[in-house]
Structures are given as C-alpha cells and as structure tokens.
Amino acid sequence: MKTMRLFLSALLVLLASAAVATAQTKIIDNGPDASKKVMVVLGDGYAAGADQTKFNTDVDNLLKNGVFGNDFFKENQNAFNVYRFNLISAESGVSQKVYNENGTPNNGSDDTVTSTTIKNTALKYIWSGSWAHCWLEGSANTEALIQAAIAPLAKVDYLVIILNQDSYGGCGGGGRQVVPRGVTWPVLAHEFGHGVGGLSDEYFNSGTSWTGGLKNGPNCSTVLNRNTVHWNRFIDPATALPTVYNAATMDSNETVGMFEGCGTKATGIYRPVHNCRMRGNTPEFCPVCYTHMKGALKPYLDHDYLDSLAGDFTGDGKSDVLIHNGKDLAIYRRNPNANDLSLHWIANNIVPAAVGGTTWQPAEHDQYYILDFNGDGKDDVVVFNGSDWVMPYLGLLRSTGSGLECIKRYDDAIGGFWDMTPGDKFYVGDFSGDGKDDLFIFNGTNWSMTYLGLLRSTGTALAGEARHDGNLPGWSLQPGDKFFPGDFDADGKTDLYVSNVTNWGPEYLGMLKSSGTSLSRIKLFTDALPGWTTKDGDKFYVGDFNGDGKADLYVFNGTDWAYAYLLMVKSTGTDLSFVERYDSSSAAANIPGWEMRKHDSFYVSDANKDGKSDLFVFNTSDWSTEYLGTLRSTSTGLSGSWSADWVGGWNLGSVDKILVANYEGGAGKPDIFIRNANWFGLLRKSAGGFVMDRIYHSWIYTAQHDAKPWSDTMP
431 MKTMRLFLSA
441 LLVLLASAAV
451 ATAQTKIIDN
461 GPDASKKVMV
471 VLGDGYAAGA
481 DQTKFNTDVD
491 NLLKNGVFGN
501 DFFKENQNAF
511 NVYRFNLISA
521 ESGVSQKVYN
531 ENGTPNNGSD
541 DTVTSTTIKN
551 TALKYIWSGS
561 WAHCWLEGSA
571 NTEALIQAAI
581 APLAKVDYLV
591 IILNQDSYGG
601 CGGGGRQVVP
611 RGVTWPVLAH
621 EFGHGVGGLS
631 DEYFNSGTSW
641 TGGLKNGPNC
651 STVLNRNTVH
661 WNRFIDPATA
671 LPTVYNAATM
681 DSNETVGMFE
691 GCGTKATGIY
701 RPVHNCRMRG
711 NTPEFCPVCY
721 THMKGALKPY
731 LDHDYLDSLA
741 GDFTGDGKSD
751 VLIHNGKDLA
761 IYRRNPNAND
771 LSLHWIANNI
781 VPAAVGGTTW
791 QPAEHDQYYI
801 LDFNGDGKDD
811 VVVFNGSDWV
821 MPYLGLLRST
831 GSGLECIKRY
841 DDAIGGFWDM
851 TPGDKFYVGD
861 FSGDGKDDLF
871 IFNGTNWSMT
881 YLGLLRSTGT
891 ALAGEARHDG
901 NLPGWSLQPG
911 DKFFPGDFDA
921 DGKTDLYVSN
931 VTNWGPEYLG
941 MLKSSGTSLS
951 RIKLFTDALP
961 GWTTKDGDKF
971 YVGDFNGDGK
981 ADLYVFNGTD
991 WAYAYLLMVK
1001 STGTDLSFVE
1011 RYDSSSAAAN
1021 IPGWEMRKHD
1031 SFYVSDANKD
1041 GKSDLFVFNT
1051 SDWSTEYLGT
1061 LRSTSTGLSG
1071 SWSADWVGGW
1081 NLGSVDKILV
1091 ANYEGGAGKP
1101 DIFIRNANWF
1111 GLLRKSAGGF
1121 VMDRIYHSWI
1131 YTAQHDAKPW
1141 SDTMP
C-alpha cells in the first residue's frame, strides 16, 4: 500500500507539471475568497506565445466583458471573484474524435468512432461536436489535471474551461462548464443558470412528453396550479393556465404564466415565460429565474441600502437613487409610467473614464456628493476618499444621462492650491453664481491652522478660487466650525451660515457672504439669535421658508432645555429676523398638527410644491410607536400632519433613514426615499399623511419581477 501511495503521489506531481499555470490572475476581485463565489477559468489547447494572448482575449470576450459585463451577472458581479489561470499546452488546438451517428444525432447508443486525432494539451480534452456525446469529452487523466491546476486555490465554486476550438457547443453541470472558444457569452450565461441557480433547461424537442413524475422546480413544473406552482407569486390572477403565448398582449420574456414545454420535453411540463435565457440563450433571465438566482447569490453580494443618495442623474426632473456598496456603484431610475425603480447603470470596481479623463475605483470609505458641476441639468457626483488608499483622492463623475464617467481625478493635491488630507470636508453650492455647482472645502484637524477653500467648477475641472488660511474678513476659522450653505441674500451666489459652539467662550453664528471669488462676514450673532438663546445642541436647517428667494433658518434644540424648541428666523439679506418659535411645553405652544419632542429629526423639503421650504419630521424614540410627519410653512408659521407606525407596507422603525426626493417629478421635492440595511421604500406625501408607492426587500427589482410587489416574502 505504501508503494501504491508513493506511485499515486508521483503521478499527481507528473500530471501537475503537465498543466503548470504560468500566470494566475484575479481578473474580478471583490474581496476575500471566503465570502465570495470563486470562479476559475482554464484554457486547453492554448500553446505558449500568441495562443496565450488569444486565451486572454477569449476570457475577456466571453467572461469578463461578456457574462460579467451584461445584465444579470453585471448587476451581481459583486458576489464573485474570478481567476484566470494560463495553462500552456504543448500543442495548439485540442484533440478530435469523429462519430458515425448512423442517422440518429440525438441518440448516442448506436454511434461508433470513425477516427481520433490526439494532441498534447494541458487538460487532454477531446472535441467531437456530437450533441449526443455532449460535444466533447475528457480523457482518462483530465480530472486529475484539472485538480492539479486549481490546487493553489483553497476554494473553487465554479470552473469554466475554454477549448481552443472554433466551434459551437459545450458541456457542463455541477458548477462546471466546458466550451469551445467559438461560442458567444449568452451561451455561457445560460450555462451559469444551471451552475449558479440550479435552473433547468426550458427548451424542448417536439413530439416528446414528460414521463418523470411530479416536478415543481424553480423554473420547470408539472404542477398546473396557480396556488402551488413554485413561481405562483409571479402569476397575475388574470393570466390563464395553461398559458398560450400571444405576441400582441404579452411580453415574451416578462409575462409570467405556465407555458407548456420545459426540460427538453414538449408536453406535460411547464415553464414560467415564453422565452427566457434558459430557453433561447439571448433573452435576459425572466423574472422567475432572475429572482431565484438573485436569492442564491444574496449571501455573497455584501449589498445593502445604507449608503444611498437621491439625485436626478438623467435630467428628466425625477429623482433617481445612487447606491454605493464597497466596490460597486449603481444608479436606479424611476420608471417612466410608474412610481417604482429599476437598474439604470452599474459600475463594478471601475467607473469608466471620459475622453481625456481617468477612471475611478469605488472603495468602502468613499464619500459621495450630489451636484450639477457642469450646469447641464443632470446631477453629477463628486467623490472623495481619504482613507482606503496610500493618498487621498477626489473624483469628478459626470452624468451622461445613461450613467457616470470620470472626467477628472485629483491624486493627493488639487493643482497646487490644496494638499488633500483625510480630514477634508466638502460642502456643495454655486458660490460663483454661474449655474455650475462648486465646492467649499474645509479642514480643521490635519494642519497647524484651519483652512477653508473655494473650489470653482469649470464644468470639467476644479479651479482654486480662494483659500482662507486661519481667518477670513470678520471670522476667525476654528476646528469646530460647522457650515450650512445657502443663498441668504438672493444674489444667485451660495453663501455660508457658520456655527461654532465649542472653540470659544461665547457661542457664535456667522453669515459669510460670497462675492463669487471669496467670503466675508456680514453679520455675527453672539450667544443669541432673534428670540433665541444659542446652545451647544442647536441644529440648523437651511431653507427658504417664505419663498422670497433668500435662504432662511430653522433651528431646533431638543437637548439643552426642559422642552424641545424650534425657531424660524428669516434672512433679510444682511441679517436674521424673528418669525416664530415653538416649544413642547403645552399644546398651545406646540406646532399645530405635530407634537414636537426631543428626538425629532428634520429634513428640509418643499412638501406641498408651493415654493416654500417645509420640513419632514421623523421620530422613533419618544412615543410608543414611530411617527413620520410633514410641517408645512405658511411663511409665518408651520402646520403639521403625520402618519404613524405603518405607511402602507412599510413599518416605520428606528433603523430607518430618510432621503428627501422628488420621484414623482414637478416643482419641489415632495417625496421620500426611506431605507434601512435590507429594505428600501418610496413614500409619497398625501393630504392626511403619507402613502407608499413601492417597497423592496434586499434588492431593487422591477414590478414584473414580482406580481405582488409589496410582498415581504422576497428571498
């Protein structure tokens, strides 16, 4: 036995030497292998030299830019790590076997071999081109050669093997797919439906009938019952069963029913749609297959809704949502005729470069800011990362209407004007008044003095307009300064309110006016605002609550007094003037229609589209249930309305975060995107409170992907 073990060990070493990986390249990297699905792509019949370049190109065309560059797998690329192993074969091309099929190409039992041509290749595959023989087959040593080749990796979930053979076909199963280089990427994507999702084929041979007994799989079922078929929740109650395809009234890929023919059999078994990728290769995965595969990959995606921002990235006047997850960045767009969302654009690992630009690589600690830096009516993105790389980076991501592209990236410094550090903070506003959003940049932690800079957007780059070092006219900059942009004098240039309650004995609020090229103070408030004693816990919200074009202030304090207080002070252009103050001491002193409490959180919005800045208010701590309210401005006061606990199918909770949005379109921002780690919702203001238009669990999907879109049973 010892001699036999030594012999087998020597054999494996010998076999391994025949399939040495000259290069192991991680072509898709989404983090540690332990938390991802690991795929390895090998080549057979690719010799040294030009064949290796050919193999790399084949991998890019079929896998990296093919399968993972399109539809489902592009959207879910985050679940995978993909390695390319370059195996060198002694000869170019693979071995060949020719069968005499005796006139029955679908039946291999009567076939005979007429010729075999052997080549010395890394994995010893043999190509036959015979459907009945799975197009190809391995040799006696093929499995040992494969295992030796992939031995350097501790974990391999899926194997793709590409043969240097210019033909169509392929064979696979059990997470393995072997294809000739002549196939197209949709064929490979179809095969991944088997390996990743455990899906069945949906094509069928005419004249055949299912005889295999009961089957109720994810996409093939003999159960002709709308209540118990596996994909029952996707079937509209009005859809007849069995379902006969009608091109005039049905979408061949989206309309879900029970269409006869599946699993290679024509009768007695049913598929969800007329034509899915599991039937015709080139269509996308249907709603049923998509959802099933998405559920299978969910544990490996590392996706949530926490890092989300609202913006109109298409310029259609309706809010979209930008969602960042690690190395992924995606835009979901409001669908034209419904208040729901669908995937509009996604970047996996790389945001592409514009002409003359450079790329941006999303990373965990990216900080995203929404603004229109070129004034074209589409929201763009500025992104800063000061911690994930060896130096800080700042990127300008321009919206093309169909996605984002990086037009400029600053590495470590901005043109001799500013050396970036991790403590840099950014504020958005058009301080030059030219219709392009600019940036204020502030740092109070990384240098011996405090700095405030004005970065003017040229539309394609940032220009350092002014830098205030330590001081600006009328204001001494300090580390505890907090800034609130707003045009408080209605001259078309964004100014700054600035508060400091930590670095001095008195507590200060300043009004810093923009001249277009610099800042200067026009008003300083010490320890008090009109009708208000300033305290450490004051929170400031900028908005034009009287509609005169000047940015006013709401001020809230729920911590420093026995009661919660809310102040409204309007801007005169050079000063602040008292308008109203509310407190929670009594019903008479409180906001009509809303009982203010200490843990109220506020969000500025024009909730009724009248040109005056209102407030959304959310409280999850001070009552027996949660409340979401609207405080509408009358110019001289507020009036409230609210919803409690449930808004449609959304259960308000302490983990929920709110984004003010305008997904309906039209003037103002009357809507809310609400989300937590696992749920995302669209809430719309109504006369008596809020209504829910859409709710998503785990991922955003179109209405066609669930006939009961508010179901909480998504995988």
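Count the sequence shown with my numbering and you get residues 431 to 1145, in order. All C-beta atoms, glycine included, are put in the ideal place defined by N, C-alpha and C.
Handout entry: 7 Å CB neighbourhood of Ile1125 in its chain, flanking five on each side removed
Key = Closer than 7 Å at the Cβ level, and outside the excluded window around Ile1125, lie Gly1079, Trp1080, Trp1109, Gly1111 and Trp1140.
Handout entry: Contacting residues, own chain, Cβ-Cβ under 7 Å from Met821 (five flanking each side not counted)
Key = Excluding sequence neighbours, Met821 sits near Asp841 and Asp842.
Exercise for the section: Would you mind working out which of Val1077, Ser1084, Lys645 and Leu1068 sits nearest Trp1053, comparing C-alpha positions? Expected result: It is Ser1084 whose Cα lies nearest to the Cα of Trp1053.
Practice task
Determine the burial state of Ser525: buried for a count of at least 16 other Cβ atoms within 10 Å of its Cβ, exposed for fewer.
Solution key: Taking a 10 Å sphere around the C-beta of Ser525, we find 16 or more other C-beta atoms and assign the residue as buried.
Problem - Limits of the unbroken alpha helix (DSSP H) element including Ala726 - result: It spans Pro717 to Leu731 - the alpha helix (DSSP H) in which Ala726 sits, taken as one unbroken run.
Practice task
Measure the CB-CB distance between Arg1114 and Asn676 and report whether it falls below 8 Å.
Solution key: The Cβ-Cβ distance between Arg1114 and Asn676 does not fall below 8 Å.
Exercise for the section: Sort Leu1089, Asp1101 and Thr890 by Cα distance to Leu416 and report the nearest one. Expected result: Residue 416 lies beyond the stretch modelled for the chain, which goes from 431 to 1145, so this question has no answer here.
Exercise for the section: Look up His624 in the DSSP assignment and say whether it is helix, strand or coil. Expected result: In the structure shown, His624 sits in a helix (DSSP, three-state: H, G or I).
Practice task
Going by CA-CA distance only, name the one from Trp991, Ala994, Ser878 and Leu959 that's closest to Leu983.
Solution key: Measuring from the Cα of Leu983, the nearest candidate turns out to be Leu959.
Problem - CB of Asn778 within 8 Å of CB of Lys504, strictly - result: Yes. Within cutoff.
Handout entry: Any beta strand (DSSP E) of 3 or more consecutive residues that is wholly inside the segment 988-1046
Key = Qualifying beta strand (DSSP E) stretches, in chain order: 995-1001, 1006-1013 and 1031-1035.
Exercise for the section: Sort His754, Gln482, Glu690 and Ala581 by Cα distance to Ala1107 and report the nearest one. Expected result: Sorting His754, Gln482, Glu690 and Ala581 by C-alpha distance to the C-alpha of Ala1107 places His754 at the top.
Handout entry: Unbroken alpha helix (DSSP H) run spanning Ile576, endpoints
Key = Run containing Ile576: Thr572 to Ile580, per the alpha helix (DSSP H) assignment.
Handout entry: Secondary structure, beta strand (DSSP E): runs of 3+ residues fully inside the segment 872-913
Key = Correct list: 881-887 and 892-899.
Exercise for the section: Check Glu505 in the structure and name its three-state DSSP category. Expected result: DSSP, reduced to helix, strand and coil, places Glu505 within a helical segment of the structure shown.
Handout entry: Residues that DSSP places opposite Cys836 in a beta bridge
Key = In DSSP, Cys836 forms a bridge with Ala783 and Leu827.
Exercise for the section: Check whether the segment 697-710 touches the segment 622-633, taking contact to mean three or more Cβ pairs, one atom from each stretch, closer than 8 Å. Expected result: Here the segment 697-710 makes contact with the segment 622-633; the two share three or more CB pairs at distances below 8 Å.
Exercise for the section: Tell me where the beta strand (DSSP E) around Arg1062 begins and ends. Expected result: Per DSSP, the continuous beta strand (DSSP E) segment holding Arg1062 begins and ends at Tyr1057 to Ser1063.
Handout entry: Own chain partners of Ala451 with C-beta closer than 8 Å, once the 5 adjacent residues on each side are dropped
Key = Residue placement at Ala451 cannot be trusted, given a pLDDT of 49 that sits under 50; the coordinates are not used to answer.
Practice task
Could you name each continuous beta strand (DSSP E) segment of 3 residues or more that falls completely within the segment 1056-1119, going from the start of the chain to the end?
Solution key: When DSSP assignments are scanned along the segment 1056-1119, the uninterrupted stretches of beta strand (DSSP E) that are 3 or more residues long and fall wholly within it turn out to be 1057-1063, 1068-1074, 1087-1091, 1101-1105 and 1109-1116.
Practice task
Could you tell me which of Gly533, Ala891, Asp974 and Arg606 sits nearest to Gly1003, measuring between CA atoms?
Solution key: When each option's Cα is compared against that of Gly1003, the closest is Asp974.
Handout entry: For Ser1035 and Gly1067, the rounded distance between their alpha carbons
Key = In a straight line, the C-alpha of Gly1067 is about 15 Å away from that of Ser1035.
Handout entry: the segment 761-768 in contact with the segment 723-731 per 3-pair CB rule at 8 Å
Key = No contact exists between the segment 761-768 and the segment 723-731.
Practice task
Output the boundary residues of the alpha helix (DSSP H) element that contains Arg709.
Solution key: From DSSP, the alpha helix (DSSP H) with Arg709 extends over Arg707 to Gly710.
Practice task
Please find out if some non-hydrogen atom of the ligand COA comes closer than 7 Å to the beta-carbon of Lys585.
Solution key: This structure lacks the ligand COA, and indeed carries no ligand of any kind.
Practice task
From the DSSP output, read off the bridge partner residues of Glu567.
Solution key: According to DSSP, which records beta bridges pairwise, Glu567 is partnered with Ile556.
Exercise for the section: Report yes if the CB atom of Cys719 is closer than 8 Å to the CB atom of Thr789, and no otherwise. Expected result: No, the Cβ-Cβ distance between Cys719 and Thr789 is not below 8 Å.
Problem - Bounding residues of the beta strand (DSSP E) (the contiguous stretch that carries Val811) - result: Taken as a continuous stretch (DSSP letters only), the beta strand (DSSP E) holding Val811 covers Asp810 to Asn815.
Handout entry: Where Gly473 falls: helix, strand or coil (DSSP)
Key = If DSSP states are grouped into helix, strand and coil, Gly473 belongs with the strands.
Practice task
Identify which residue in Leu939, Asn933, Ser1007 and Ser929 has its Cα closest to the Cα of Gly961.
Solution key: Distances from the CA of Gly961 to each of Leu939, Asn933, Ser1007 and Ser929 were compared; the closest alpha carbon is that of Ser1007.
Problem - Gly967 versus Gly756 - alpha carbon distance - result: One C-alpha to the other measures close to 33 Å.
Practice task
Please name the residue in Pro717, Gly623, Met680 and Ala678 whose C-alpha comes closest to that of Trp661.
Solution key: Of the candidates Pro717, Gly623, Met680 and Ala678, the one whose C-alpha sits nearest the C-alpha of Trp661 is Pro717.
Handout entry: Reduced DSSP category for Ala451 - H, G, I as helix; E, B as strand; rest coil
Key = Only weak support exists for where Ala451 lies, its pLDDT of 49 falling under 50; the value from the coordinates is given anyway. In the three-state scheme derived from DSSP, where H, G and I count as helix and E and B as strand, Ala451 is classed as strand.
Handout entry: Cβ neighbours of Val781 in the same chain (closer than 8 Å, five flanking residues each side left out)
Key = Counting only Cβ-Cβ distances below 8 Å, and skipping sequence neighbours, we find Leu759, Thr789, Trp790, Gln791, Pro792, Gly825, Leu827, Leu834, Glu835 and Cys836.
Problem - For His1127, the residue or residues it bridges with in DSSP - result: DSSP lists Trp1109 as partners of His1127.
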